[in-house]
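Contents: one structure, followed by commentary.
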Amino acid sequence: MIAANEVTKRYPEGREALRNVSFAITAGEMVFLTGHSGAGKSTLFKLLAAIERPTSGSIVINGQNLAALRSNAIPYLRRKLGLIFQDRKLLFDRSVLDNVLLPLAIVGHPPREALRRAQAALAKVGLPNRERTLPIALSGGEQQRLAIARAVVNRPAIILADEPTANLDAVSAAEILHIFRAFQQVGVTVVIATHDPLSLPSYRPRILRLDKGAMSEPAHDQAAEEAVP
Amino acid sequence: MSIWLAQHLAALRDALRRLAAAPLNSLLSLLVIGVALTLPTSGWLALDNLRKLTGDTPGVQQISIFLTLDAGKRDFADIESRLQEIRAGSWRFVPREEALKRLQASEGMAEIVASLPRNPLPDAFVITPGDAQPERLERLAKTFSGWPKVTHVQLDSAWVKRFDALLRLGKLVVMLLGILFAGALVTLTFNTIRLQILAQAAEIEVAKLIGATDTYIQRPLHYFGMLQGLLGGLCAALLVTAGFHLLTPPVAELTRLYGANFALQGLSGSDVLILAAIGSALGWLGAKISVLIHLRRIG
């Protein structure tokens, strides 16, 4: 489903954010991408979301090589991904419902069907009855739930989340991870980038660890065992 | 309903929402566009009325053929068939009796005409050529003067030439005004759309990140430009019509004093549609250029 092969990302000023990163994620997996700040997690997130292109190497998602993807095909790829950004990127002048309706409007769902789907997505993340509220009135955890609802409303096969538990208390973080786990259990591939080893769940997830732009070996459950108290 | 149509309707609704979101700003923009379109439209309408006024006035853009006093019905028929043959335009036969009556009706002429022993006026044809170019009129006048039983051909070439030059100058001025104000309309829409893009940069960025195509983002902005231009065009039509209603009574009075029967002609329904279409097209152009330049910087 997701395959990265010898991916390197070098920025114009010469900084190498990623170096020869390779991994494969199969459909329905839940994978944590860990590493310290500056390890390259967000860069990898941007490459997976086709926000940036790799300098060399290839990233293949659902059989599509992102390096060879034409610019006008990128929006259609992103519609198949559920993207959750570190800063959430919510529209604070729009209601909770309007935020969730946006991806449906982009795809062109009929208004009635869109409303039904948006309400279902809000219910799934535990935000029913908050449709008319403005995001500014929500707590950090609720805003993150809203970002998840917006990401999943188009029923993507892959969810990519960049630091979804950052700035949340332990209870809220656990609830957010529980939501991701629920999606994974119904077959959605979930990739979560996090710098906080304490935010890793108690079960043994698959972990890909980045260190100074390179994949540290071995990338397996050992890391999770170290992280879980 | 297809997705394509649904998205166009949604974009139109979005554009209307943006217009309604800042009513005062929208109203001011529409007024500026309306005034910008009013000036060239008024100029065009004035020229059109001038052309009609002079076209209906004897001696201007018309050629009169005076026949000899012994010309009879067969000669009239011969002249008519010749006029038909060379497609001279439209014409009207003025019998000498009618010409005399008209002369009598003119102020101060009744007594003079009554003192005449007989009708001195000849039968005549008044021709209004389809093509009013001075060269064409002169050519026609020369042709008419060679026909049998024609004693005099009257064409005020100098006046026709002066009038034609005046009309051409007027057309040029109206065209320049049109280009100038069209540029102003495009610039105004360009700036309005730029401000819209700046104000909604966050929304545009998010939409792009979650799969919106450039077309999806541009569509409501294009509609906004088109709507603004369209409503500006209608506003111009309203202003021109209001001016027309104000000017109609004094112009009618003036022309009546000169013995002419002329009524100002305002904008027709199709003129209003054309004006709205021009405004809409210019608004779309301004939005298109602005979107191309400013949207590239986001996301």
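Residue numbers (my numbering), protein chains in the order written: chain A, 1 to 229; chain B, 1001 to 1299. A virtual CB, placed ideally from N, CA and C, is assigned to each residue, including glycine. Keep in mind that this is a model prediction, so the values were computed, not measured.
- Minimum Cα-Cα distance from residue 37 (chain A) among the listed residues A:86, A:2, A:23, A:63 corresponds to A:86.
- Residues of the region 1195 to 1217 of chain B that bring their beta carbon within less than 8 Å of a beta carbon in chain A comprise 1202, 1203, 1205, 1206, 1207, 1208, 1209, 1210, 1211, 1212, 1213, 1214, 1216, in sequence order.
- Here the alpha carbons of residue 1269 (chain B) and residue 1229 (chain B) stand approximately 18 Å from one another.
- Within the region 1016 to 1030 of chain B, contact with chain A at the beta-carbon level (separation under 9 Å) is assigned to no residue.
- In this structure, DSSP gives residue 1147 (chain B) a state outside helix and strand, which the three-state scheme calls coil.
- Each residue's CA atom was taken as its position, placing residue 1099 (chain B) and residue 1090 (chain B) some 19 Å apart.
- Proximity of residue 173 (chain A) to chain B, defined by a Cβ-Cβ separation below 8 Å, is not satisfied.
- Taken through DSSP and simplified to helix, strand or coil, residue 183 (chain A) comes out as helix.
- Rounded to the nearest whole angstrom, the CA to CA distance from residue 1254 (chain B) to residue 1204 (chain B) is 59 Å.
- If the five residues before and after residue 1042 (chain B) are omitted, its C-beta is found closer than 8 Å to the C-beta atoms of 1240, 1243, all from its own chain and listed in chain order.
- The CB of residue 1006 (chain B) comes closer than 7 Å to the CB of 108, 110 in chain A, given here in chain order.
- If you check each beta-carbon in the region 1178 to 1196 of chain B against every beta-carbon of chain A, none falls closer than 9 Å.
- Counted as a single uninterrupted DSSP element, the alpha helix (DSSP H) harbouring residue 1248 (chain B) occupies residues 1214 to 1257.
- Under the three-state reduction of DSSP, residue 13 (chain A) is assigned to coil, being neither helix nor strand.
- Residue environment for residue 45 (chain A): buried (at least 16 other C-beta atoms within 10 angstroms of its C-beta).
- For a Cβ distance threshold of 9 Å, residue set 1208, 1209, 1210, 1211, 1212 of chain B lies close to residue 78 (chain A), ordered along the chain.
- Residue 159 (chain A) is positioned such that its CB atom lies closer than 8 Å to that of residue 183 (chain A).
- The DSSP-derived three-state label of residue 1270 (chain B) is helix.
- Buried is the label assigned to residue 109 (chain A), since at least 16 other Cβ atoms lie within 10 Å of its Cβ.
- Among the CB atoms of chain A, one or more fall inside 8 Å of the CB of residue 1010 (chain B).
- In the DSSP annotation of this structure, residue 126 (chain A) is not part of any beta strand (DSSP E), being labelled neither H nor E.
- Only those residues of the region 160 to 190 of chain A whose C-beta falls short of 8 Å from the nearest C-beta of chain B would be listed, and there are none.
- About 7 Å separates the beta carbons of residue 1207 (chain B) and residue 102 (chain A), which is inside the 8 Å limit, making them a contact pair.
- In this model, residue 1265 (chain B) and residue 1251 (chain B) are separated by some 11 Å (Cα to Cα).
- Contact annotation for residue 1003 (chain B) against chain A: 107, 108, 109, 110 [CB-CB distance below 9 Å, chain order].
- Contact of residue 127 (chain A) with chain B is not assigned, every C-beta pair being separated by 8 Å or more.
- Straight-line measurement puts the Cα of residue 67 (chain A) at about 15 Å from the Cα of residue 18 (chain A).
- C-alpha of residue 203 (chain A) to C-alpha of residue 1023 (chain B): approximately 57 Å in a straight line.
- Against chain B, the CB of residue 41 (chain A) has no partner CB under 8 Å away; the residue lies outside that interface.
- Residue-level contact check: residue 75 (chain A) touches chain B, since one or more beta carbons of chain B fall below 8 Å from its beta carbon.
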